[in-house]
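Have a look at the structure below, then the notes.
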Amino acid sequence: MRRREVPGKGKPIGEPGEFDLEQMEKETEEMLKTFYLNKKNAEFSRTKGGFLSLKLEEQFYPRVNVVRMFPFREMERYLSIRTADERSKEIGVVKDIWDVDSETRNMLREQLKLRYFTPVITKVISIKSEFGYSYWEVVTNQGACRFTVRMGGNAILHLSETRILIMDIDENRFEISDVEKLTASERRKLDLFL
Amino acid sequence: MEGEIEQRLSVSLKKVLREQGILDGKIRYVVPTDMNTGGEYADGYVIVTEKRLIAALQPPDKTKVQIFKGYRKQVQAEDMHWAYRSLPLNEIEEIHVEDCIGCNLLVVKAAEEEHTWAVFSNFHKRRMTYLARNLGEYLHSGTFRAEEVETEEYCPKCGRMYPNPHNKLCPHCVSHKSVFYRIIGYFRPYRMKMAVMMLCILASAALNLVWPYLNGTILYDYVLKKDDAFLEKVGINDGKYLVALFLVVLAMFLSKLVLLGAQIIQGIVSAQMVINVVRDMKKDIFRKMGELSISFYRNRQTGNLMTRVMSDADRVTGFFVDDAPYILVHVSTVVCSVIVMLLINWQMALLAVALFPFLLIFNILLRPRIWVAFGKRHRAESSLNHCVHDSLSGARVVKAFGQEEEEIERFFKCSNRLRRTEEVISYWQNFFHLFFNGAQELALVGVWGLGAILILRGAEGMNLGTLITFAGYVGQLQGPMRAFSQISQKWADSMNSAERMFEIMDAVPEVQEPSQSISLPVPKGELTLRHVTFGYEVNRAVLKDINLHIPAGSVIGIVGKSGVGKSTLVNLISRMYDTQEGVILLDGVDIKRLSFGELRRNVALVSQETFVFQGTIAENIAYSNPEAPLQDIINAAKLAGAHEFIMRMQDGYETMIGASGKGLSGGEKQRISIARAILANPRILILDEATASVDTETERLIQHSLNYLVQGRTTISIAHRLSTLREADYLFVVDNGRIAEQGTYEELVKKHGIFYKLLELQEKALAMKGLED
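Chains C and R supply the protein sequences, listed in that same order.
Mapping to our numbering: the first sequence position 133 is 158, numbers consecutive.
Mapping to our numbering: the second sequence position 550 is 890, numbers consecutive.
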């Protein structure tokens, strides 16, 4: 009763030739390859709206995003340049920021600085733990900050033995780049999280 | 309302904007911002009036303190250096919030170009998202939606913002006192036992107090010194010293016997009470965890939660059983002993207590350190639990990649961390013990010395018996001293665990059962989704404005690439999560108004992740209804295509599976899950990739049996293998969080859209490789 007439399998449906397997395989092929951008093939420029545009051979992308592939380990290498639409497709990869000219380097750095904004904690004033949360008062390279961290979750990430990423309850990020550079009394305040 | 919105705006900015004539028309929305485009903190606002969009910004000022959620708002001095820009609303083509890693951008499209209009931290993300959405809606409809009620609230007591606005609990103001009373609440059912315990404790305390007098003054000074006056007082005449001695020894023996008895009774009673209280607490935590929504589990480690169920309840009771009842006894012992000592000889008494104030100060000073030590141990324990859990559940992968050694290394690292924290704790324990006992021993030596000097000098009322009695009283302080040396640690341990325990118990489930639910007398299974929008995070909508209608009794297929939100959609229907916007209606009733029982009876979900519990196959199939007749279990298994493989097993339907039993293949587990859902006999059956691990033949079989099953039942099926959806009445193609296409199989094929492309790709590619069955 619910069975329907099913179009024959394997047979092309609709007009033949409309479905281009070759085209599809070419796309797949492209997805597998990594395309590297450098000063020869890519031309970045700032847009009026504060973003970057990219001219890549004949193609022009009015707005692209710069995304780090390894945001903690490689700050200036393996930068994925992606379209800014919802699908966010990779256009190419800047393998090393030194592969592009100095002006482009500045542009990329500006974008990264904003996108990956993470204050670095230089001084710990106080950390108080209370009922499942801890209240932090710190000084960062961006000025003094006060924020709250949920305990017992994944709010504190140990990037290495000495480098810590802290996420507050809204997931704002703060970083301690080297715990050992803090004073002994600051480390004691941090003790619970080390 | 307007006044309230306007009040959020800083006075100086309002003045500047008014002077410039920018702030015209009614102010609709105001959201503060905290960054500039250069990647620095800078205060600012985004303002929407009826005519324009305004962004105002102050120059960055690193001397200002940046306040984030959880802290109290602070009024900070602001200057008049406002930079602002504005855009007439009619020039806005599009507006949205973009989520970067370290900040968020309010992006406005005007004159065909996207502009970063404002930059802000996640602190303001939620409200800015609403602003963008509301303004976007206005651009379409021309009417302003009233601003969302502000959910961020502040603790009335200390002014700090609640870390979780749904759970109005200020961590700062939940005092230890209230935690203390809540724990006491768990002991209330065992009042009688408590009373017995207290009685025993008091009895032993009283006897302890008498003891030094008995074996000191009475024995030495009265009996051995043959004090007739005293003996006559107690009714022993004629110098019957041996009788007196016998009586004293008897009294000493009896008092020790009573003491022992009291201690045994107390031990038994308290042991019984503790296990009961711990069990009650564990039950409460576990029940609460069951009530909590899936979202709660999403951002917590299993190991951490396990620690909370398994160890925290045990630890909480530690202080309350081992220490709290004795505090009174110890305090009174100390007070009484000191009074008696003062009466005997005040100089020696002062010497004995001279060190007390130092101990107190010492205790207070070190308390925070101990608190941290216990917190650290909890973390280490959690991570060890997590490590074990991880490694065991990933055993297959570990083996496949030959990483056993590395796993052992990882485990060792974690357990080493735990060892270190335990070491720190025992270090403190020993330290305290040493300190308190040392002080007491010192006092004792001092007392003996001073006493000897006093006796040598022939001080009045000073003789050997008195000195022994006195020393006995100093000795009495030993017990309380040892207890006091532990009390602050035990307290820290208990409270530390209690906080974590109550944090779970106080968590408010995001998906809540309505207080007054509606019941569906004759459920039909008709589903309607209206304007459903949902994202796991506020800003990242996975589903956007979904509208669909599923008539009762139909078979629906949901198709789309992976990650487009298909599973999310069915999770919303079974209310694992609540929609952010829009409603889901079951037979015309909002599912949020149905009780969980009602909803679960009517909607059964077979998800991608199959799970079998430990038990027999029959028990697993009858999970939703353990009372189900065997005939129904067999039927369900047959319909799920599971009967044959079950019968090939040694013990048929009573084969043990799950943790300790026989292993099942992925496809077999899936069929058990389907049988489970079929037996539940819901009006709506949701199959989320439920046949993905099943071979094609069995899949056909299941598809076929579903056709029998679907009489008067709504079936929603998500499948990657499009061929399995041929028999569906209607298909929805989800793409990028939206319904991109819908129609019958034939309609979609004719349409030559996404579905056609997917189908062609699958069939052609498979046909070319000769893989299609």
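A virtual CB, placed ideally from N, CA and C, is assigned to each residue, including glycine.
Pairwise C-beta distances place the region 1041 to 1056 of chain R out of contact with the region 960 to 973 of chain R, as fewer than three of them are shorter than 8 Å. If you compare the alpha carbons of R:R870, R:F520, R:S461 with that of R:L888, the shortest gap goes to R:R870. Between the C-alpha atoms of R:E745 and C:L182 there is a straight-line separation of about 24 Å.
Looking at the DSSP output, C:E200 bridges to C:V145, C:L190. Secondary structure at R:N725: helix, using DSSP grouped into helix, strand and coil. The beta carbon of R:L471 sits closer than 7 Å to the beta carbons of Y369, V371, V386, V388 from its chain, once the five residues preceding and following it are set aside; these are given in chain order. In this structure C:D195 is in contact with R:N462, their Cβ atoms being roughly 4 Å apart against a cut-off of 8 Å. Of all C-beta pairs linking the region 135 to 150 of chain C to the region 434 to 452 of chain R, three or more are shorter than 8 Å, placing the two stretches in contact. For R:D654, the enclosing alpha helix (DSSP H) starts and ends at 653 to 658. Neighbourhood of C:Q48 in chain R, by CB distance below 9 Å: empty, with the nearest CB roughly 11 Å away. Within its own chain, the residues whose Cβ lies closer than 8 Å to the Cβ of R:N803, once the five positions on either side in sequence are excluded, are D561, I795, listed in chain order.
Residues are counted here when their Cβ sits less than 7 Å from a Cβ of chain C; for the region 975 to 991 of chain R the count is zero.
Residue pairing from DSSP leaves R:A611 without any beta-bridge partner. R:G410 is the residue among R:Y993, R:S766, R:G410 whose C-alpha sits nearest the C-alpha of C:C170.
Not a single C-beta of chain C is nearer than 8 Å to the C-beta of R:H1060.
Counting every other CB atom within 10 Å of its CB across the protein chains shown gives R:M621 a total of 16 or more, marking it as buried.
In this structure, C:G75 keeps its C-beta atom at 8 Å or more from the C-beta atom of R:T373. The count of Cβ pairs closer than 8 Å, one atom from the region 872 to 884 of chain R and one from the region 1031 to 1041 of chain R, stays below three, leaving the stretches out of contact. Exclusion of the five residues before and after R:Q1010 leaves V946, T950, A1030, T1031, A1032, S1033, V1034 as the residues of its chain whose Cβ lies within less than 8 Å of its Cβ. The contact set of R:C495 on chain C, defined by CB atoms closer than 8 Å, is empty, because the minimum CB distance reaches about 12 Å. Contact check between the region 766 to 783 of chain R and the region 641 to 655 of chain R: fewer than three CB pairs, one atom from each, fall below 8 Å, which does not count as touching. In this chain, C:P87 is not harboured by any alpha helix (DSSP H); it is covered by the beta strand (DSSP E) spanning 84 to 93. Contact annotation for C:F69 against chain R: no contact, minimum CB-CB distance about 16 Å [criterion: below 9 Å]. The Cβ atoms of R:A1068 and R:V1074 lie no closer than 8 Å to each other. C-alpha of R:G992 to C-alpha of R:G865: approximately 34 Å in a straight line. For the region 1042 to 1098 of chain R, the continuous beta strand (DSSP E) assignments of 3+ residues that do not extend past its boundaries occur at 1054 to 1058, 1070 to 1075, 1078 to 1083, in sequence order.
As for any alpha helix (DSSP H) of minimum length 4 sitting wholly inside the region 392 to 432 of chain R, there is none.
Sorting R:G801, R:W831, R:Q360, R:M916 by C-alpha distance to the C-alpha of R:F659 places R:W831 at the top. For R:M375, the uninterrupted beta strand (DSSP E) segment begins and ends at 367 to 375.
Residue contact with chain C for R:C443: present (Cβ-Cβ distance below 8 Å to some residue of chain C). With a cutoff of 8 Å on beta-carbon distance, R:I924 and R:L934 are scored as not near each other. Look at R:S947 here: in three-state DSSP terms it is coil, with no helix or strand label. Between R:V910 and R:I1056 a beta carbon distance of about 6 Å is seen, short of the 8 Å cut, so the two are scored as contacting. C:R130 and C:V118 have their C-alpha atoms some 14 Å from each other. Take the alpha-carbon of C:K80 and the one of C:T208: they are about 49 Å apart.
Annotated three-state conformation of R:M501 is strand, per DSSP.
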